[in-house]
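There are 2 protein chains.
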Amino acid sequence: MGHDETRNGRVTPHNPIADDGDEYKFCSTCAFGAVCVGRGVDKIGLSELHCLVEHVGSYRAGESIFRTGDRFGAIFAVRSGTVKTRLVDMEGRELILGFYLPGELVGLNAIHPEIYPCDAVALDTVEVCRFLFPALATLAMRIPQVQKELFRRLSKDIGDASLRNQESSADERLAGFVLDLSARYAARGFSGQSLHLSMSRSDIANYLGLASETVSRVLRRFQDGGLLEVDGREVTITDAAALRDIAKNLLHR
Amino acid sequence: MGHDETRNGRVTPHNPIADDGDEYKFCSTCAFGAVCVGRGVDKIGLSELHCLVEHVGSYRAGESIFRTGDRFGAIFAVRSGTVKTRLVDMEGRELILGFYLPGELVGLNAIHPEIYPCDAVALDTVEVCRFLFPALATLAMRIPQVQKELFRRLSKDIGDASLRNQESSADERLAGFVLDLSARYAARGFSGQSLHLSMSRSDIANYLGLASETVSRVLRRFQDGGLLEVDGREVTITDAAALRDIAKNLLHR
DNA sequence: TGAGTGCCTTGATCCGGGTCAAGACCCTGC
DNA sequence: GCAGGGTCTTGACCCGGATCAAGGCACTCA
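As they're listed, the protein sequences go chains A and B.
Residue numbers for the first sequence follow this note's numbering, beginning at 1 and rising by one.
Residue numbers for the second sequence follow this note's numbering, beginning at 1001 and rising by one.
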């Protein structure tokens, strides 16, 4: 594996998932440091996590990271690129469950493959770290913060999916989508203002429950209204306040 | 607490959440036995769980079981009645996250209240067992199956929410809703064929992202088509196959 | 008993967005 | 160069379901 400990520990002070005094650190190598590591167990937590990384793999656009029907045994941390998870049925229709950006965890919800047999596909050139789940679960049983963090990620996904359900109009959905991506990039230290959409219009449409034509039209309308600049898959947010106003969901985003 | 061990252990052989050889048992007192209890740790698992029950509370329709802003400290198992969880914003709009039937766990997703500050409200007369979460988390750290089961429930909720997102037409959504309720009642040993809707039409509409008038109309149409009988809040499924055909989501239900 | 209040149903209208279709703008390969 | 296949955009049409409005039913309370 060859972890370089000196490159770890990049602290992001305004991490939205931090609370009750724990510190959160990101590991620039495996991107998994975001698992909550409480004061005092920093070193132990990080190094234990690193031991769990089974291997680092890289994939080209379109390649599967794990497949429907694979026995659940591992989860993945995205180091670079973007990953989508989806359900695919017998007729080949797909349902996109989520997009995963650098620093995020993929595959936790595949823990129950008998019920939701999903797969994960690279959207561009992707590097991921693979964690064997039994080892992670064991660690979670020894370090409360790790277990807590895993629960946290799952419950966040539930809320996100429910909120998406609630967004009624296409404008709301797209404004929410762009702001969500923006916030997630920003939380990892990237620019939240200008962002690259690694997914196609039809992937976005599928994810949001819209038609791809509608995605095009709404983005155009947003651009005409001065809310953002669109150039192919490059998007620059120019009026975040107005977007937030459109994506008026129950939380403030 | 006064648990009567002799009333526990009702085994449901076709429990959909069972896999890889574990046995699942339901406790008729606290309804929480559904937490997976592997072979060999039955007794230990069940009695340990019972020790966690802090108290049994009962609520009338409309009463809050926990509120937005409560510090997260406990989860609840429904013994009787139905509970809804929701997000409420400053203007009083609500977003219904889910309905919980007897034998199901409420409040797991409130584990992250900083991000999704939800509350839980009784829809009719409701009895719940209250479990202190720290104790449960500690137990989860000692008994792998408990942790596994908690992950399971969370990941199921994610998939459910995502699937609901995908359902495009009102017919699909309502067919899926009725079948889902039916399956969940059946999994707990109730009749899956004739069911009582404890929630109002507008609650259903909110949950499914529809208007309450549409819920009425679609149910009427289903009745006219001979798919089910509707009498106020009593619903009897008469043609489950046809319903499944309408609710053609990616899984088979 | 009747007034008041929710909840549910049904009807009429209208608009957002799905669908179909055509064309533009890339790619990559021959 | 041109052909062929993605992806994205834009236009025209039309249908499903939101919205507005009215009325029915069951329940509570004076």
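We put the beta carbon where it would ideally sit given N, CA and C, even for glycine.
Bear in mind that the values here come from a model prediction, so they are computed numbers and not experimental data.
Beta-carbon gap between residue i and residue j smaller than 8 Å
| i | j | result |
| --- | --- | --- |
| Cys118(A) | Thr85(A) | yes |
| Leu150(A) | Asn109(A) | no |
| Gly62(A) | Val126(A) | no |
| Ile1111(B) | Arg152(A) | yes |
| Val1215(B) | Arg1201(B) | yes |
| Val83(A) | Val106(A) | yes |
| Val78(A) | Pro113(A) | no |
| Ile75(A) | Leu136(A) | yes |
| Ala1183(B) | Gly1192(B) | yes |
| His1161(B) | Ser162(A) | With the sequence shown as reference, residue 1161(B) is identified as Ala, and His is not the correct amino acid for it. Cβ atoms of Ala1161(B) and Ser162(A): closer than 8 Å. |
| Leu1123(B) | Leu1174(B) | no |
| Leu1132(B) | Glu1054(B) | yes |
| Met1278(B) | Pro144(A) | The structure shown does not extend to residue 1278(B), since chain B is modelled only from 1001 to 1253, so the question has no answer here. |
| Leu228(A) | Val178(A) | yes |
| Asp1157(B) | Ile115(A) | no |
| Glu172(A) | Ile246(A) | yes |
Beta carbon proximity, residue i to chain B, threshold 8 Å
| i | result |
| --- | --- |
| Arg152(A) | yes |
| Ser202(A) | no |
| Leu243(A) | no |
| Asp42(A) | For Asp42(A), the predicted structure reports a pLDDT of 34, less than 50, and the residue's modelled location is therefore unreliable. A value from the coordinates is still provided. So, not an interface residue. |
Per-residue DSSP class, three states only, for residue i
| i | result |
| --- | --- |
| Gly98(A) | strand |
| Gly1057(B) | strand |
| Arg67(A) | coil |
| Arg1152(B) | helix |
| Ala110(A) | helix |
| Arg86(A) | strand |
| Glu257(A) | With chain A covering only 1 through 253, there is no way to say anything about residue 257(A). |
| Glu1127(B) | strand |
| Leu1163(B) | helix |
| Thr238(A) | coil |
| Phe190(A) | coil |
| Glu213(A) | helix |
| Ser1198(B) | coil |
| Phe133(A) | helix |
| Arg1233(B) | coil |
| Ile143(A) | coil |
| Ala1077(B) | strand |
Within chain A, the residues that residue i reaches when beta carbons sit closer than 7 Å
| i | result |
| --- | --- |
| Met1199(B) | Within chain A, no residue comes near Met1199(B); the closest Cβ sits about 16 Å away, beyond 7 Å. |
| Lys1156(B) | His112 and Ile115 |
Any C-beta of chain A under 8 Å from that of residue i
| i | result |
| --- | --- |
| Arg1164(B) | yes |
| Ile1115(B) | yes |
| Gly1209(B) | yes |
| Ser1212(B) | no |
| Pro1144(B) | yes |
| Arg1253(B) | Confidence at Arg1253(B) is low in this model, with a pLDDT of 47, below 50, so its placement is unreliable and no value can be given for it. |
| Cys1036(B) | Per-residue confidence for Cys1036(B) stands at a pLDDT of 34, beneath the threshold of 50, marking its modelled position as unreliable; the derived number appears in the next sentence. No, Cys1036(B) does not count as interfacial toward chain A. |
| Gly1073(B) | no |
Closer than 8 Å at the beta carbon, the chain B residues around residue i
| i | result |
| --- | --- |
| Gln147(A) | Ala1137, Ala1140, Met1141 and Gln1147 |
Per-residue contacts from residue i into chain B (C-beta, under 9 Å)
| i | result |
| --- | --- |
| Ile65(A) | Within chain B, no residue comes near Ile65(A); the closest Cβ sits about 17 Å away, beyond 9 Å. |
Within chain A, the residues that residue i reaches when beta carbons sit closer than 9 Å
| i | result |
| --- | --- |
| Gly1159(B) | Leu87, Leu97, Asn109, His112, Ile115, Tyr116, Cys118 and Ala161 |
Check your understanding: Taking three-plus beta-carbon pairs below 8 Å as touching, is the stretch 195–213 of chain A in contact with the stretch 227–244 of chain A?
Key -> yes
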